[in-house]
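Here's the structure, in structure tokens; my notes come after.
Residue numbers (the numbering used here): 258 to 385.
Below, the structure written as structure tokens:
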């Protein structure tokens, strides 16, 4: 039976936001578990390719200085288990499209204007 995976982590400083953005947008020369030849399949559906700038822009709109120990951002992972996306070992594009559509809708409904950046990675074994 397949499952849905949701994982969120707090990011409390700008350096970690930059590091998360570099991984998310494949700015590192070598991203473990990612096939660089498949990077072109990744889909950027919210924000820019600069996560730190997107977070900074949102914080400026809020016009409130964060406390020193506050959470500046949350990094999330949404994923279906491989047997749902690849039931026969090959990616089922219709299942992927529906999951992608529903994931975007859920993110927008759940986070609204606080969603500043989102990417679909298809360059790894299981899309997420």
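Glycine residues also receive a C-beta, built at the ideal position from the N, C-alpha and C atoms.
At least one CB of chain C closer than 8 Å to the CB of residue 266: is that the case? Annotation note: the requested chain C is absent from the structure, which comprises a single protein chain.
Where in the region 260–319 do unbroken runs of the alpha helix (DSSP H), each at least 4 residues long, occur, reported from the N-terminal end onward?
271–281, 308–319
- prompt: By how many angstroms is the C-alpha of residue 286 removed from the C-alpha of residue 321?
  reply: 36 Å
Report task. Quick one: using the 10 Å Cβ neighbour count with 16 as the cut-off for buried, is residue 363 buried or exposed? Result -> exposed
DSSP on residue 369, reduced to helix/strand/coil? helix
7 Å CB neighbourhood of residue 384 in its chain, flanking five on each side removed: 342, 353, 377, 378
ask   = Does the distance from the C-beta atom of residue 330 to that of residue 262 stay below 8 Å?
value = no
**OP:** Please name the residue or residues paired with residue 376 in a DSSP beta bridge.
**Re:** 301
For residue 329, which three-state DSSP category applies?
coil
In angstroms with no decimal places, state the Cα-to-Cα distance between residue 348 and residue 326.
42 Å
Please list, in chain order, all residues of the same chain as residue 357 whose beta carbon is under 7 Å from its beta carbon, the five residues on each side excluded.
377
Suppose you measure from the CA of residue 300 to the CA of residue 374; what does that come to, to the nearest Å? 11 Å
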